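Everything below concerns the one structure shown next.
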Amino acid sequence: MGGVTAALCLAALLVLVGGRPLTQHKPYTPGDGRPHGAEPPGNDTGGDVWETSRERPQLRSRPLAESWPELEGPVDAALRIHRRDHPEEHQSLYLFQGEKVWSYAGGQLRPNFPRLIGDEFPGVPGDLDAAVECHPEECGGETVLFFKGDRLFSFDLELRRTKERPWGVGPCDAALRWLERYYCLQGTQFYRFKPLEGAVLPGYPRDLRDYFIPCPGRGHRHVNTSWGDAGDRCSGQPFQAITSDDSGRIYAFRGGLSFRLDSWRDGWHAWPQGHSWPGLQGDVDAAFSWDKRMYLIQGSQVSIYLSGRGGHQLVEGYPRALQEELGVPKADAAFTCPGSAELYVITGNRVWRVDLTQSPRRVDRPQPLPHDGVDGAMCTAEGVYLLRGDSYHHYRDVAELLAAPLPAAPRSIAADLFRCTQ
């Protein structure tokens, strides 16, 4: 590994774990609910802040005092609060150090800060390890989770009350919310947990360097060599299904893996399907979303998942026969457009329309497509996308698709949808 790249990987890890050596946690005081016997770190680098963005993805650092001159030394925890109905707090950045908290809005220290953590967040102790905002759709209300040793405190921003919740993972060096999922970081490892229950999901801990940090010789492809080209977003291997849900999240499927396309923060990584859709195994032939539900078609069966708090949950009684559920025996691709209850099912060079509000559901007479077959399809506010091989074809709407005498010009899936440079 080159010196510069190695340094960046190490620096990224130092940021994620609060600027402390990778083999140690933050120092502990007997009686504060933390493990005993841990020695304080000898070379704290927490005087710097590291940044990355979509426009400038390479990690870069600058002194902490450059942006927050009132704050000296390392930060114990940090979070940003989003409360559109409370403009005085919305987008405010909170930095925690010892018994105090600093709050910044628009880069300026807010009035009456710094102040004691217990005054701003009654019931929350000082000397925290980590903190993360929990959104209402995942926690049932506007909430902040605070971590200290082996204790988890849940603070209700509306009621201004704190409750202690079960937490069996131990101290978190940092905590974060990423794509509606919650993670506790410990050294070079991380856990995914359910914010309402504090329970850790199966399959953890995992290594940060294989998921969150782009280090040479590491990452999903290196850890999961059996994935082959299916796990490489830029390989050009065809996708078997693609869909956009009610919230605008875009998912693509191939080889038992799923990709999230709408958020650059995800890095467009491949994930095993079961990571987001519990119990889902095998290839997905077609996918579409309607009424806060995602329909995943596999052969002659369809599974329906509810989209809500904590991800996707399989509806009881599924999978069921596709013919019984949608009135079609098979599907190469399927899509619904935003705000519409009309489902379009593609098989070969024909497309069938299904009114999802009908019961039982029946298909209309098939209409011809300007394609002899597609691998996947989706419809967004920008139009209809048909995937075939390593290319996609774009149409302004369903009417333009059905009226087209010839296929629209092919475009690169890797370059346009995954931002691959080659």
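For the sequence shown, the positions run -19 to -1, 1 to 403 when mature numbering (1 follows the signal peptide of the UniProt record, and there is no 0) is used.
Ideal Cβ placement from N, Cα and C applies to all residues, glycine included.
The structure displayed is predicted, hence computed values, not measured ones.
In this structure, the CA atom of H116 is about 21 Å from the CA atom of I98. Contact between R331 and P349 holds: CB atoms are separated by about 6 Å, below the 8 Å threshold. Residue pairing of P44 in beta bridges, as defined by DSSP: D29.
Residue ranges of uninterrupted beta strand (DSSP E) with 3 or more members, entirely inside the segment 246 to 302 and ordered along the chain, are 251 to 253, 267 to 271, 274 to 279, 282 to 289, 292 to 295. For L238, no alpha helix (DSSP H) segment is defined; the enclosing uninterrupted segment is the beta strand (DSSP E) at 238 to 241. In the displayed model, A380 falls within a helix according to three-state DSSP.
Within 10 angstroms of the beta-carbon of Q221 lie 16 or more other beta-carbons, which makes it buried.
Going by C-alpha positions, G217 is about 30 Å away from L303.
Between the alpha carbons of D137 and T143 lies a gap of roughly 6 Å. Counting every other CB atom within 10 Å of its CB across the protein chains shown gives K129 a total of 16 or more, marking it as buried. Under the DSSP assignment, A362 falls outside any alpha helix (DSSP H); it carries neither an H nor an E label. Within the segment 307 to 367, the runs of beta strand (DSSP E) that reach at least 3 residues and sit entirely inside it are, in chain order, 314 to 317, 323 to 328, 331 to 336, 357 to 361.
Minimum Cα-Cα distance from G280 among the listed residues S270, L287, D266 corresponds to D266.
Residue pairing by DSSP places I231 opposite S225 in a beta bridge.
Per the C-alpha coordinates, the member of A112, G292, R146 positioned closest to E119 is G292. Counting along the chain, no alpha helix (DSSP H) covers E145; the unbroken beta strand (DSSP E) around it starts and ends at 142 to 146. In the three-state reduction of the DSSP assignment, Q304 falls in the helix class.
In its chain, beyond the 5 residues on either side, V265, A268, S284 have a beta carbon closer than 6 Å to the beta carbon of L277. By alpha-carbon distance to G87, the top candidate from R96, G308, Y75, T361 is Y75. Counting only runs that start and end inside the segment 128 to 178, the beta strand (DSSP E) elements of at least 3 residues fall at 132 to 137, 142 to 146, 155 to 159, 162 to 167, 170 to 174.
Within 10 angstroms of the beta-carbon of D353 lie fewer than 16 other beta-carbons, which makes it exposed. DSSP places L60 in the uninterrupted beta strand (DSSP E) bounded by 58 to 62.
Collapsing the DSSP output to three states places C120 in a helix. For D397, the closest alpha carbon among the candidates Y373, V379, L387 is that of Y373. E178 and R230 have their C-alpha atoms spaced approximately 25 Å apart. Rounded to the nearest angstrom, the gap between the Cα atoms of S135 and K175 is 13 Å. Exclusion of the five residues before and after L60 leaves Y75, A112, V113, E114, V125 as the residues of its chain whose Cβ lies within less than 7 Å of its Cβ. Listed in chain order, the non-local C-beta contacts of L109 below 8 Å within the same chain comprise D57, A58, F77, I98, F127, F128, K129, local neighbours out to five positions each way being set aside.
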